[in-house]
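Under numbering that gives the first Met the number 0, the sequence shown has 405 at position 406, and the numbering climbs by one with no breaks.
Even for Gly, the Cβ is constructed at its ideal location relative to N, Cα and C.
Comments concern the structure below.
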Amino acid sequence: MRIYLLTLVSFLTLANFSFSQLIISEYLEGTSNDKCIEIYNTTSSAINLSGYNIKIYFNGSASAGSTINLSGTINSCDVFVVCNSSATQAGGANQTSGSMTFNGDDAVGLYNGTTLLDLFGTIGQDPGTEWSGVSPGTADGGFTRNLNYCTGNTDTSTPGFPSFTSSNWTSVGIAGGNLGAHTSSCGACGSGNTITINAISSLSYNINCSTGANGTIDFSSTGTFNIGNNYVIELSDASGGFSSPIVIGTVTSTSNSLTGISFTIPPGTPSGTLYRIRVRSTDPAATSNDNGSDITITLSGTCQPPYMTSVLINSCNPTCNEGFNEIVFGNSGDYSFNVTASNFNFSYGSTSPGTNYTDVLVNNASTIVTLNDSAGCPGLFVDATGTTVPAGASWMLANTGICPEALNWSGLCGSGPIYVIFTNDSDWNTVGGNFANSTTSPNDIRYYQTSITATTGTTMTVDYTTDGTQYPNSDGVFATFNSTGGAATTYGDDNCNLTPVVLPVELIDFNGEISDYNQLYWATASERNASHFEIEVSNDGKTWESIGSVAAAGNSTDLNSYSLSHMYPTMSINYYRLTQYDLDGAYVTYSKIVSLDNREHAGELIGIYNTLGQKISGSEKGVQIHLYSDGTTKRIFKN
């Protein structure tokens with residue numbers, strides 16, 4: 000009977016701690032949003048993470064409070080890091096999510112579909128403030144799995160997280176350990192093969208946005224490597240971390256001694272003094288320590304990150320639901336990027352950074368054909384998901400259910416190729432629409448964010464805002480942005496004739512002066528199919544009326560200057576805005592507002608000065624500053 004009970008206990012132990020392909024190798028519950036989970040692949044093959052997910056169980060709940068679907072690939076004997084979108088470590092993560100949030104008393108499970116692979120904590124158990132098996136406990140702390148702890152914890156019933164012991168886990172503090180790298184003797188990763196870096200040609204490299212820098216590395220290894228094995232040379236991030244290493248060189252070899260192996264520091268790699276290099280093998284998998292000395296990379300010039308150029312806020316949707324035809328346009332800047340859900344992230348909401356709308360990216364070859372047919376210029380649109388968008392290219396983000404027949408695409412001909420990124424994210428509101436187009440609220444600000452990881456491994460984030468009071472509530476309304484993001488630079492209505500990738504007019508100046516009347520003037524550096532300009536005035540910044548129009552040059556690459564006089568302004572602060580109309584009726588209202596103060600002054604005029612502060616006569620031409628006895632001033636332009 001005793002033998003039977005011992006066998007039963009052994010069977011239960013194996014059932015609760017069965018070997019799994021993927022395990023949780025590091026748990027980080029840091030301050031604020033510093034929440035990350037590192038996953039380790041113990042097998043000899045890369046694993047596609049489609050269908051895998053992380054579930055978080057809050058405060059002893061037996062039901063998951065949030066689920067994060069994973070995407071991408073985790074290489075053999077390598078890690079995959081998932082962090083909160085606002086975590087300090089998010090820039091080096093393989094995937095980020097606003098749902099990656101938990102406290103020290105919550106449970107975190109790693110699943111393949113509905114099959115539990117590994118569990119940190121115990122589902123349905125509330126330990127109080129933290130799991131306390133390893134000091135100092137999991138509240139505001141980080142823990143890494145010991146190299147010989149290879150079994151996934153699938154115990155969902157025993158209270159107190161019994162596998163949380165010092166023989167299985169090591170505390171690495173509130174900032175985490177070597178997040179993005181893990182040493183393990185598990186599965187195929189315990190082969191006994193080792194790699195050692197012996198020398199690097201230089202510890203300093205100068206690059207720019209288009210040209211990288213070359214170097215060589217010497218390394219040796221132990222153990223037997225199979226035919227077809229690749230030694231892969233990897234560069235860390237600027238702080239020395241390998242959560243998202245950049246491959247800078249590779250060589251196919253089974254040798255245990257290699258010298259003078261070439262690598263290239265990619266163009267556009269950010270400047271930094273704490274870079275490191277490591278080498279890993281593919282068959283069998285082994286990873287060296289880093290080179291042991293800091294590497295300095297100096298980037299000359301300013302490289303333009305990928306950014307959003309415009310957004311179609313109010314859908315043109317006579318044949319489909321509102322949300323299907325809300326579209327985002329952008330440019331890749333000085334960087335190329337691979338189109339995957341982990342590399343391309345677009346967020347939107349009433350707070351920053353909002354909800355990620357690109358957790359699921361798909362291909363849509365049939366719609367690409369329809370888009371090109373609709374535009375009438377074959378090859379304009381390219382199905383981008385799973386491909387590489389080159390530097391300096393235009394991209395377009397759209398829902399996979401977009402209705403091409405609702406829009407006129409011909410205005411985009413000549414600006415391609417345009418790489419179309421199709422999203423099938425459940426957060427994208429295909430029925431009611433995503434982007435607010437209300438003009439009723441006085442502070443109707445909406446927040447957008449692009450976070451794109453280039454092929455160099457650099458993740459670049461740009462934030463944008465739109466103001467709903469600045470555009471009419473009609474189909475075809477769009478906003479455009481500078482390459483640096485921030486508030487929208489223009490608002491317009493293209494009447495569902497798409498031309499937002501390239502603005503029809505490049506405005507370089509819009510200002511005004513007070514003389515005997517209010518003089519408005521502006522200039523353009525280029526124009527495309529421009530019909531005319533219209534000046535509107537307002538005394539409250541809300542209600543606008545036209546005071547006149549001026550014909551545009553039409554199509555021009557030269558500097559063109561314009562002016563318009565407001566002969567009878569009200570004796571108050573007059574606000575002016577400029578709108579440019581295309582030949583087809585589409586228009587753009589520029590975001591800059593000019594204000595001129597025409598209020599009567601209660602004080603007596605006591606002096607007239609120029610812009611240098613020198614007293615002048617009232618007949619002197621140019622800008623005059625009138626000083627009154629009540630301390631107020633008035634700026635006047637004298638012809």
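**Q.** Local Cβ density within 10 Å of Q613, reported as buried at 16 or more and exposed below that
**A.** Locating residue 613 in the sequence shown gives position 614, counting from the first residue. Answer is exposed; the Cβ neighbour count stays below 16.
Q: Could you check if A364 is buried or exposed, using at least 16 other CB atoms within 10 Å of its CB as the buried criterion?
A: As a position in the sequence shown, residue 364 is number 365, starting the count at 1. If you draw a 10 Å sphere on the C-beta of A364, you find fewer than 16 other C-beta atoms in it, and that means exposed.
Q) Curious, which full-length beta strand (DSSP E) runs of at least 3 residues does the stretch 52 to 119 contain? A) Qualifying beta strand (DSSP E) stretches, in chain order: 65 to 68, 78 to 83, 94 to 96, 106 to 111, 114 to 119.
Q) Exposed or buried, what is V381 when buried is set at 16 or more other beta-carbons lying within 10 Å of its beta-carbon? A) Here residue 381 refers to the residue found at position 382 of the sequence shown. V381 should be labelled buried.
Q) Considering only residues of the same chain and omitting the five flanking positions on each side of P503, which have a CB-CB separation below 6 Å? A) Here the question's residue 503 lines up with position 504 in the sequence shown. The predicted position of P503 is uncertain, since its pLDDT is 43 and thus under 50; no value can be drawn from it.
Q. Since V107 and T143 are thought to touch, with beta carbons under 8 Å apart, how far apart are those beta carbons, to the nearest angstrom?
A. As a working note, residue 107 is residue 108 in the sequence shown. As a working note, residue 143 is residue 144 in the sequence shown. The C-beta distance from V107 to T143 rounds to 14 Å, too long to meet the 8 Å contact threshold.
Q.
Our contact map puts S450 next to Y306 with C-beta atoms below 8 Å; I'd like the distance itself, whole angstroms only.
A. The residue you call residue 450 lines up with position 451 of the sequence shown. The residue you call residue 306 lines up with position 307 of the sequence shown. Actually they are not in contact, since the Cβ atoms of S450 and Y306 sit about 11 Å apart, beyond 8 Å.
Q: Quick one: grab the DSSP three-state call for V501.
A: Within the sequence shown, numbered from 1, the residue matching residue 501 stands at position 502. Because the pLDDT at V501 is just 40, under 50, the model does not fix this residue reliably, and the value given afterwards should be weighed accordingly. Of the three classes helix, strand and coil, the one that applies to V501 here is coil, per DSSP.
(Q) Taking its Cβ as the centre, do 16 or more other Cβ atoms sit within 10 Å of K54, making it buried, or is it exposed? (A) Looking up residue 54 in the sequence shown gives position 55. Buried is the call here.
(Q) Tell me whether the stretch 205 to 213 and the stretch 272 to 282 touch, counting them as touching only if at least three CB pairs, one residue from each stretch, are closer than 8 Å. (A) No contact exists between the stretch 205 to 213 and the stretch 272 to 282.
Q: Answer with buried or exposed for M570, where buried requires no fewer than 16 other C-beta atoms within 10 angstroms of its C-beta.
A: The count along the sequence shown starts at 1 and reaches residue 570 at position 571. Exposed is the call here.
**Q.** Sheet register partners of F480 (DSSP bridge)
**A.** Within the sequence shown, residue 480 is the residue found at index 481, counting from 1. Its beta-bridge partners do not exist; DSSP assigns none.
Q | Nearest-angstrom Cα separation, counted from L506 out to A552 | A | Working through the sequence shown from its first residue, we reach residue 552 at position 553. Working through the sequence shown from its first residue, we reach residue 506 at position 507. Computed Cα separation, rounded: 13 Å.
Q: Using alpha carbons as the reference points, say which of D474, T30, P161, S162 lies closest to F101.
A: The residue given as residue 101 occupies position 102 in the sequence shown. Out of D474, T30, P161, S162, the CA that lies nearest to the CA of F101 is found in T30.
Q: Output the distance between the C-alpha atoms of D293 and E233, rounded to the nearest integer angstrom.
A: Looking up residue 293 in the sequence shown gives position 294. Looking up residue 233 in the sequence shown gives position 234. Rounded to whole angstroms, D293 to E233 spans 14 Å at the Cα level.
Q: Put I367 into one of helix, strand or coil per three-state DSSP.
A: The count along the sequence shown starts at 1 and reaches residue 367 at position 368. Three-state result, I367: helix.
Q. Based on the DSSP output, what are the partners of G248 in its beta bridges?
A. Stepping through the sequence shown from its first residue, residue 248 is reached at position 249. Answer is I232.
Q.
Does F434 come out as helix, strand or coil in the three-state DSSP assignment?
A. The residue given as residue 434 occupies position 435 in the sequence shown. Under the three-state reduction of DSSP output, F434 falls in the coil class, being neither helix nor strand.
Q. Who are H565's beta bridge partners in DSSP?
A. Sequence index remark: in the sequence shown, residue 565 carries index 566 (1-based). DSSP, once it has assigned bridges, lists N517 as partnering H565.
Q.
I'd like to confirm the pairing. Which residues does DSSP put opposite N337 in its beta bridges?
A. The residue labelled residue 337 in the question sits at position 338 within the sequence shown. BP columns for N337 point to T387.
Q. Per DSSP, what kind of secondary structure is G211 in: helix, strand or coil?
A. Looking up residue 211 in the sequence shown gives position 212. Residue state, collapsed to three classes: coil.
**Q.** Buried versus exposed call for P244 [16 or more other C-beta atoms within 10 Å across all chains shown]
**A.** What you label residue 244 is simply residue 245 of the sequence shown in a count that begins at 1. Note on P244: 16 or more other CB atoms within 10 angstroms of its CB, so buried under the neighbour-count rule.
Q. To the nearest whole angstrom, what separates the beta carbons of E404 and T318, a pair I think is in contact under 8 Å?
A. Position 405 of the sequence shown, counted from the first residue, corresponds to residue 404. Position 319 of the sequence shown, counted from the first residue, corresponds to residue 318. So it is a contact: roughly 6 Å between Cβ atoms.
Q: Please classify G136: does DSSP put it in a helix, a strand, or coil?
A: For this step, residue 136 is matched to residue 137 along the sequence shown. In the displayed model, G136 falls within coil according to three-state DSSP, outside both helix and strand.
**Q.** Cα-Cα separation, P352 to F477
**A.** The count along the sequence shown starts at 1 and reaches residue 352 at position 353. The count along the sequence shown starts at 1 and reaches residue 477 at position 478. Distance between P352 and F477, taken at the CA atoms: about 20 Å.
Q.
Rounding to the nearest angstrom, what Cα-Cα distance links C495 and V310 in this structure?
A. Reading the sequence shown from its first residue, position 496 is the one you call residue 495. Reading the sequence shown from its first residue, position 311 is the one you call residue 310. Their Cα atoms are separated by approximately 13 Å.
Q.
I believe S24 touches A284 by the beta-carbon criterion, under 8 Å. Please report the beta-carbon distance rounded to the nearest angstrom.
A. One-based indexing of the sequence shown puts residue 24 at position 25. One-based indexing of the sequence shown puts residue 284 at position 285. Their Cβ separation, rounded to whole angstroms, is 14 Å, which puts S24 and A284 out of contact at 8 Å.
Q. Which residues mark the beginning and the end of the beta strand (DSSP E) in which G172 is found?
A. Numbered from its first residue, the sequence shown carries residue 172 at position 173. Per DSSP, G172 lies in no beta strand (DSSP E) and is assigned neither H nor E.
Q: Check S373 in the structure and name its three-state DSSP category.
A: The sequence position of residue 373 within the sequence shown is 374, counting from 1. DSSP places S373 in helix when its eight states are reduced to three.
Q. Once you ignore the five residues that flank G547 on each side, which residues in its own chain have a CB closer than 7 Å to its CB?
A. If you number the sequence shown from 1, residue 547 lands on position 548. Exclusion of the five residues before and after G547 leaves I534, L563 as the residues of its chain whose Cβ lies within less than 7 Å of its Cβ.
Q. Whose C-beta lies closer than 6 Å to the C-beta of Y204 among residues of the same chain, with five residues either side of it excluded?
A. If you number the sequence shown from 1, residue 204 lands on position 205. Around Y204: A212, I264, I296.
Q: Please report the Cβ distance between T221 and N192, rounded to the nearest whole angstrom; I am assuming they are in contact, meaning their Cβ atoms lie under 8 Å.
A: The residue labelled residue 221 in the question sits at position 222 within the sequence shown. The residue labelled residue 192 in the question sits at position 193 within the sequence shown. Right, their Cβ atoms sit about 6 Å apart.
**Q.** Where A405 sits in the DSSP three-state scheme
**A.** Residue mapping note: residue 405 aligns to position 406 of the sequence shown, counting from 1. A405: helix per DSSP, three-state reduction.
(Q) Considering only their Cβ atoms, is the gap separating S349 from G432 smaller than 8 Å? (A) On the sequence shown, position 433 is the one that residue 432 refers to. On the sequence shown, position 350 is the one that residue 349 refers to. S349 sits away from G432, with the two beta carbons spaced by 8 Å or more.
Q: From the DSSP output, in three-state form, read off N645 for me.
A: Limits of the chain in this structure are 0 at one end and 638 at the other, which puts residue 645 out of reach.
Q. Quick one: what does DSSP say T429 is sitting in, helix, strand or coil?
A. Locating residue 429 in the sequence shown gives position 430, where the first residue counts as 1. Of the three classes helix, strand and coil, the one that applies to T429 here is coil, per DSSP.
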